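Step one of this worksheet: look at the structure below.
2 protein chains.
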Amino acid sequence: MNNPKIKVGVLGFGGLGQAAAKILHAKSQMCLVAVADQKGYAYNPEGLDPDTLIPVYHQQGSNGYLPKYGVLSNNSIVHLISQAQVDGYFLALPNLPNTFMADVTRQFISVGWQGVLVDALKRTSAVEQLLELQEDLSKAGITYLTGCGATPGLLTAAAAIAAQSFAEIHHVKITFGVGIANWEAYRATIREDIAHLPQFDVDKAKAMTDEEVEEFLDKTNGILTLENMEHADDIMLELAEICDRHQVTVGGIVDTRNPKKPISTNVQVTGRTFEGRISTHTFTLGDETSMAANVCGTAFGYLKAGIKLHQRNLNGLFTAAEVMPSFVR
Amino acid sequence: MNNPKIKVGVLGFGGLGQAAAKILHAKSQMCLVAVADQKGYAYNPEGLDPDTLIPVYHQQGSNGYLPKYGVLSNNSIVHLISQAQVDGYFLALPNLPNTFMADVTRQFISVGWQGVLVDALKRTSAVEQLLELQEDLSKAGITYLTGCGATPGLLTAAAAIAAQSFAEIHHVKITFGVGIANWEAYRATIREDIAHLPQFDVDKAKAMTDEEVEEFLDKTNGILTLENMEHADDIMLELAEICDRHQVTVGGIVDTRNPKKPISTNVQVTGRTFEGRISTHTFTLGDETSMAANVCGTAFGYLKAGIKLHQRNLNGLFTAAEVMPSFVR
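Taken in sequence, the protein lines are chains S and E.
Here the first sequence is numbered in my numbering, starting from 1230 and rising by one per residue.
Here the second sequence is numbered in my numbering, starting from 1230 and rising by one per residue.
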């Protein structure tokens, strides 16, 4: 098995992008050759090292400052993807605004790039935008795998497997647990979570002062309970014909005052077997696995699976619920 | 979505074959058109009804006695597959002797049949025999999915999903619990289980009379405790590059006198994340789901996935660890 390494690019270099670079560094089957952030990019066909990328990014604010291989650019994604030899990109970009991932995808199509794209999108409405690009992606020769993070992604795929035992699915319930020692280390994330609460929205949460957040968390003992979140697990399981989207619910508990997860992240699939019995399969993630491990590991598993699809000329849009991720060594 | 129904055949009409017929009866996307047992077969392109098939089989001992559509034959499989229009077969045959499934596969190849085959094989050595037919299956235009029952199958696929969070897999541990009210409904399956016990082998178990099985089960209070079983989950996860086969262990407890499971069936995947943390993901099946639901449901999910592969000209041998099963409505 002397296959050449899969040449991987990572777009976005926040928490997930940096974790992705670290993960790739230990892989023998994949090699990180390209990274991009808002202000620049870096490309080395021989490979990029997270131990130089990450400090440069932290100190100078862009991969464009990387000695020898970095280029500063206000149009970093287009510049990078137009010239780099890359088999597949992990789009580790924050989807802000909610149309951003679809816009980036249109850029890939318009420069005539061919290969594999993988995202870890969360919102149903963002995946719906990509569905509209199905035919364009096919024609362009791009194999795009969407919703390939933890939820949607790992847990959605587990739900698709679990569904097999049943004649009819009644409910897919995804529950995640997050524990952080101190909310101030995750100000933006906590505000995003607060935005999901019934009496809030994104603008309202964003406008809160730190004191107001503190006060709010005091009332809940530091616990945020999130219910009925807009997560693309629903549309992915509907597209896979497993159930209707309204039968899928996603929620979680965030403890902002304790690094221990308040609840283990899990997905429960409840259905009726052909004999008429109602039962529930449960897939539970080990508490020691981080969001970065569950998101990025899964994304690269789908990237490898996507490469195989692409080699067989299977282009267009796929979701994590319809393709088995490959394990990447 | 006005696709014609997938025309399905079921070879073998023991406990699994009968459950398969019942499951198919409720599907809108699949239709049972062909069944075969040792003494005969039945074929109706308009569909076969389990409510007539099963009583005839119980009363007269073969599907060959089915009024109008039944044919008695000492070479039932070859006779059936040579003439019936079938998109995919579920091979619900007991693999006794251990070369039987491979022999049947060679029959499919030799009559020039094209389509999808799915098995629920258990033993590593049986899957190894099929691996030798990889090229012949490809040339013949057959898409063969092996190990598509519960274990291997449902649990192996869940393990392949669970592996995504980890940089390295240490152990995949499958533990099953089976409870059946009466062993006589699953004579072949129970003999296969007995064959796994230290003091037995396949020939010895096959040669046992019903009375001898009964006597043996009396000594163990109807309980079979199985450890380090030869299960193809190991080779399937090795082929998927997830871990070495010796890192996969399969064991379980079978209660032949109580439909309640003595233990919840589960798979645990332990590994190391990229940050160096050791953790375990666990996938647990609901106790109310029967072996029949978990095996046959999964087999038809892979059969549907196999049809899609076949339509795209992807022939040859695949395992349940590398293909995502589709949900069958």
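In this text, a Cβ means the ideal position worked out from N, Cα and C, and glycines have one as well.
Computed from a predicted model, the values in this text were never measured in an experiment.
C-beta contact flag for residue i and residue j at 9 Å
i, j, result
"Ala1379 of chain S", "Pro1488 of chain S", "no"
"Cys1525 of chain E", "Ala1386 of chain E", "no"
"Gly1376 of chain E", "Thr1548 of chain E", "yes"
"Ile1398 of chain S", "Phe1556 of chain E", "yes"
"Arg1541 of chain S", "Leu1261 of chain E", "no"
"Thr1353 of chain S", "Glu1517 of chain S", "no"
"Arg1501 of chain E", "Ala1396 of chain E", "yes"
"Phe1429 of chain E", "Ile1252 of chain E", "no"
"Leu1374 of chain E", "Val1340 of chain E", "no"
"Leu1309 of chain S", "Lys1268 of chain S", "no"
"Glu1470 of chain S", "Met1553 of chain E", "no"
"Asn1327 of chain S", "Gln1358 of chain S", "yes"
"Ile1403 of chain E", "Gly1481 of chain E", "yes"
"Gly1406 of chain E", "Pro1279 of chain E", "no"
"Tyr1294 of chain E", "Val1285 of chain E", "yes"
"Thr1334 of chain E", "Leu1360 of chain E", "no"
"Phe1503 of chain S", "Ala1248 of chain E", "yes"
"Thr1222 of chain E", "Thr1499 of chain S", "Here chain E has residues from 1230 to 1558 only, and residue 1222 of chain E is not among them."
"Ala1263 of chain S", "Gly1238 of chain S", "yes"
Residues near residue i in its chain [Cβ-Cβ closer than 8 Å; skip 5 each side]
i, result
"Phe1445 of chain S", "Ile1423 and Met1437"
"Ile1235 of chain E", "Gln1258, Met1259, Cys1260, Asp1316, Gly1317, Leu1532, Lys1533 and Ile1536"
"Thr1513 of chain E", "Ser1493, Thr1494 and Asn1495"
"Pro1323 of chain S", "Gly1241, Gly1243 and Phe1329"
"His1475 of chain S", "Asp1463"
"Met1230 of chain E", "Caution is warranted here: a pLDDT of 46 is assigned to Met1230 of chain E, below 50, making its placement in the model unreliable, and the coordinate value is therefore given only provisionally. Within the same chain, Met1230 of chain E has no close Cβ partners at all."
"Leu1245 of chain S", "Ala1321, Ala1349, Ala1521, Val1524 and Cys1525"
Selected residue, minimal CA-CA separation from residue i, among the options
i, options, result
"Ala1265 of chain S", "S:Glu1441, S:Lys1256, S:Gln1258 and S:Gly1243", "S:Gly1243"
"Leu1216 of chain S", "S:Thr1478, S:Leu1466 and S:Arg1416", "Since the first residue shown for chain S is 1230 and the last is 1558, residue 1216 of chain S is missing from the structure and cannot be characterised."
"Val1356 of chain S", "S:Arg1416, S:Leu1546 and S:Gln1476", "S:Leu1546"
"Thr1527 of chain S", "E:Tyr1294, E:Ile1390, E:Ile1452 and E:Val1498", "E:Ile1390"
"Met1330 of chain S", "S:Gly1269, S:Glu1441 and S:Gly1241", "S:Gly1241"
"Ile1270 of chain S", "S:Leu1253, S:Lys1297 and S:Ile1507", "The sequence as given places Tyr at residue 1270 of chain S; Ile does not occur at that position. Among S:Leu1253, S:Lys1297 and S:Ile1507, the Cα nearest to that of Tyr1270 of chain S is on S:Lys1297."
"Asp1484 of chain S", "S:Gly1290, S:Ile1471, S:Glu1441 and S:Asp1447", "S:Asp1447"
"Ala1392 of chain S", "E:Arg1416, E:Leu1383, E:Phe1337 and E:Thr1404", "E:Leu1383"
"Val1401 of chain E", "E:Asp1473, E:Val1552, E:Pro1233 and E:Gln1314", "E:Asp1473"
"Ala1417 of chain E", "E:Ile1403, E:Ala1250, E:Lys1435 and E:Pro1427", "E:Lys1435"
"Glu1443 of chain E", "E:Val1431, E:Trp1412 and E:Glu1470", "E:Trp1412"
"Thr1281 of chain E", "E:Phe1405, E:Gly1451 and E:His1254", "E:His1254"
"Thr1509 of chain E", "S:Thr1509, S:Asn1523 and S:Ser1508", "S:Asn1523"
"Gln1497 of chain E", "E:Lys1490, E:Pro1491, E:Phe1503 and E:Ile1507", "E:Ile1507"
"Pro1274 of chain S", "S:Thr1511, S:Gly1515 and S:Gln1312", "S:Gln1312"
"Val1431 of chain E", "E:Val1347, E:Asn1303, E:Ser1367 and E:Lys1351", "E:Lys1351"
"Leu1453 of chain E", "E:Glu1421, E:Ala1414, E:Val1237 and E:Tyr1286", "E:Glu1421"
Sequence-distant residues of the same chain with beta carbon closer than 7 Å to residue i, five excluded per side
i, result
"Arg1558 of chain S", "Lys1256, Ser1257 and Gln1258"
"Gly1370 of chain S", "Gln1343 and Asn1544"
"Asp1332 of chain S", "none"
"Val1307 of chain S", "Gln1336 and Val1340"
"His1539 of chain S", "Gly1344, Val1345 and Thr1372"
"Asn1457 of chain S", "Thr1478 and Gly1480"
Contact list for residue i against chain E, beta-carbon separation under 8 Å
i, result
"Pro1554 of chain S", "Ala1389, Ile1390 and Gln1393"
"Ile1252 of chain S", "Ala1396 and Phe1503"
"His1523 of chain S", "Note that residue 1523 of chain S is Asn in the sequence shown here, rather than His. The answer, in chain order, is Gln1393 and Ser1394."
"Thr1438 of chain S", "Chain E residues near Thr1438 of chain S: none, gap ~34 Å exceeds 8 Å."
"Leu1543 of chain S", "Arg1541"
Neighbour list for residue i in chain S, Cβ cutoff strictly below 7 Å
i, result
"Gly1515 of chain E", "Ser1508, Thr1509 and His1510"
"Gly1530 of chain E", "Gln1393"
"Ser1519 of chain E", "Thr1502 and Glu1504"
"Ala1255 of chain E", "Ala1396 and Phe1503"
Contacts of residue i in chain S (Cβ-Cβ under 9 Å)
i, result
"Ala1321 of chain E", "None at all; the shortest Cβ gap to chain S is about 15 Å."
"Gly1376 of chain E", "What Gly1376 of chain E touches in chain S: nothing, since even the nearest Cβ is about 13 Å away."
"Ala1414 of chain E", "Chain S residues near Ala1414 of chain E: none, gap ~13 Å exceeds 9 Å."
Under 9 Å by beta carbon: chain E residues contacting residue i
i, result
"Ala1469 of chain S", "Met1553, Ser1555 and Phe1556"
Beta-carbon neighbours of residue i, restricted to chain S and to distances below 8 Å
i, result
"Arg1474 of chain E", "Going along chain S, no residue has its Cβ under 8 Å from Arg1474 of chain E, so there is no contact; the nearest lies around 14 Å."
"Gly1238 of chain E", "Per Cβ cutoff of 8 Å: no residues; Gly1238 of chain E is ~18 Å from chain S at best."
"Thr1527 of chain E", "Gln1393 and Ser1394"
Neighbour list for residue i in chain E, Cβ cutoff strictly below 7 Å
i, result
"Ala1349 of chain S", "Neighbours of Ala1349 of chain S on chain E: none; closest Cβ ~12 Å, over 7 Å."
Any non-hydrogen atom of the ligand ZN closer than 8 Å to residue i Cβ
i, result
"Phe1512 of chain E", "Of ligands this structure carries none, so the ligand ZN is not represented either."
Close beta carbons around residue i, own chain, < 6 Å, minus the five adjacent residues each side
i, result
"Met1465 of chain E", "Gly1376, Pro1381, Thr1385, Thr1548 and Ala1550"
"Arg1486 of chain E", "Gly1451"
"Leu1228 of chain E", "Lying outside 1230 to 1558, the shown extent of chain E, residue 1228 of chain E is not represented and no answer is given."
_Entirely enclosed alpha helix (DSSP H) segments - the stretch 1269-1339 of chain S, minimum 4 residues_ = Fully contained in the stretch 1269-1339 of chain S are the following alpha helix (DSSP H) runs of length 4 or more, in chain order: 1279-1289, 1305-1312 and 1329-1339.
*Runs of beta strand (DSSP E) wholly within the stretch 1351-1409 of chain E (minimum 3 residues, chain order)*: Runs of the beta strand (DSSP E) lying entirely within the stretch 1351-1409 of chain E, each at least 3 residues long, are 1371-1375 and 1397-1408 in chain order.
*What are the uninterrupted segments assigned as beta strand (DSSP E) that are 3 or more residues long and contained completely in the stretch 1481-1507 of chain S, given in chain order?*
1495-1501
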